[in-house]
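With our numbering as the guide, the letters of the sequence shown map in order to residues 6 to 217.
Some notes on the structure that comes next.
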Amino acid sequence: MSRFLVAAVALLLPTLALADVDPRFAKLRDEAEPLGGLGAFLEKYIGACEGALVDPKCKSDAEAFRKKYQGKRLYMIIGEDDATMLSPGPYNPGAGEYTINITPFFPGGRYALTHGAPKKQDGNGNPVLPFLTVTGTLPEGWNGSIFSRMFSMRQVRAQVVFTPQAVWSLPKKGGGKNHGVTARIDGLILTEGRTGHPLGLWLNGKDANASR
6 MSRFLVAAVA LLLPTLALAD VDPRFAKLRD EAEPLGGLGA FLEKYIGACE
56 GALVDPKCKS DAEAFRKKYQ GKRLYMIIGE DDATMLSPGP YNPGAGEYTI
106 NITPFFPGGR YALTHGAPKK QDGNGNPVLP FLTVTGTLPE GWNGSIFSRM
156 FSMRQVRAQV VFTPQAVWSL PKKGGGKNHG VTARIDGLIL TEGRTGHPLG
206 LWLNGKDANA SR
């Protein structure tokens, strides 16, 4: 195989991996706007308008930015190293069935995107949110150890389609407030990062595999 063909195949692999997903999620993804960076988006959406050196237009710019994205769907990829919001749930070895817990808190810089607005914080000042859960069945040759190891070794990737809704805030320990953006998670798919094997799908407010 020529070097040119090898290079072309290498460039196509990420595209092929993204295309090889559940068609229901693919439809949502293809209709959404790709997000360049979550941190930059959250900064502009919330508007860091405190301090002496803040641009006088800060608040109006943030309002205009929020209006621009009102009701608009966005798409982002959360790589394996950053998918710390994922954890293994109950596993049934007899049937090979598993549950994956998703804490719907997606950090980006100083802020975070959440599914719904948090109402309280834990003892460390972290917002408390209920899990989203997805289920699935392990493929042939896999077992519970392999399943758990995917999470401890950061081998699971998430793709998320969401609609931003509003800014939330909670009191910060020692004064001030923590801010974030509440969103509706329209679709979320989990895959094994190396192979792209599908692990779970959240769609229309529920575990899509459980609805089948």
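No residue lacks a Cβ here, since even glycine has one placed at the ideal position from N, Cα and C.
Note that the structure is a prediction, hence the values are computed from the model and not measured.
Residue i bridges to which residues according to DSSP?
i, result
"M81", "V165"
"T119", "F110, T187"
"T138", "N106"
"E197", "V161"
"K211", "L208"
Between the alpha carbons of residue i and residue j, how many angstroms are there, rounded?
i, j, result
"D86", "E55", "32 Å"
"G64", "G128", "Looking at the sequence itself, residue 64 is Lys, so the reference to Gly does not match. Rounded to whole angstroms, K64 to G128 spans 32 Å at the Cα level."
"S157", "I107", "15 Å"
"D35", "P28", "10 Å"
"K77", "G180", "34 Å"
"N32", "G101", "A small fix is needed here, since residue 32 is Lys in this sequence, not Asn. Cα to Cα, the separation comes out at about 29 Å."
"V161", "T140", "14 Å"
"Q75", "A69", "10 Å"
"G113", "N214", "29 Å"
"I151", "I194", "19 Å"
"L134", "P95", "19 Å"
"V172", "G185", "6 Å"
"L43", "T138", "23 Å"
"K62", "K49", "12 Å"
"F110", "G201", "23 Å"
Identify, in the order they occur along the chain, each residue of the same chain with its Cβ nearer than 6 Å to the Cβ of residue i, setting aside the five sequence neighbours on each side.
i, result
"P236", "The chain is shown only over 6 to 217; residue 236 falls outside these bounds and no answer can be derived."
"M155", "V161"
I need the DSSP call for residue i, collapsed to helix, strand or coil.
i, result
"E36", "helix"
"K178", "coil"
"L143", "coil"
"E102", "strand"
"P93", "strand"
"K72", "helix"
"G44", "helix"
"A171", "strand"
"P28", "helix"
Please classify residue i as buried or exposed, where buried requires at least 16 other C-beta atoms within 10 Å of its C-beta.
i, result
"P39", "exposed"
"N99", "In the sequence under discussion, the amino acid at residue 99 is Gly, which differs from the Asn named in the question. Per the 10 Å Cβ criterion, exposed."
"A45", "exposed"
"G52", "buried"
"G192", "buried"
"I190", "buried"
"P144", "exposed"
Quick one: what's got a C-beta closer than 8 Å to residue i's C-beta in the same chain, skipping five residues either side?
i, result
"A188", "L118, T119, H120, F167, T168, P169, Q170"
"G130", "K177, K178, N183"
"W207", "I107, L137, V139, I190, G192, L193, I194, A213"
Can you list, in chain order, the residues of its chain with a C-beta nearer than 7 Å to that of residue i? Leave out the 5 residues immediately preceding and following it.
i, result
"L204", "I105, G141, V161, L195, T196, E197"
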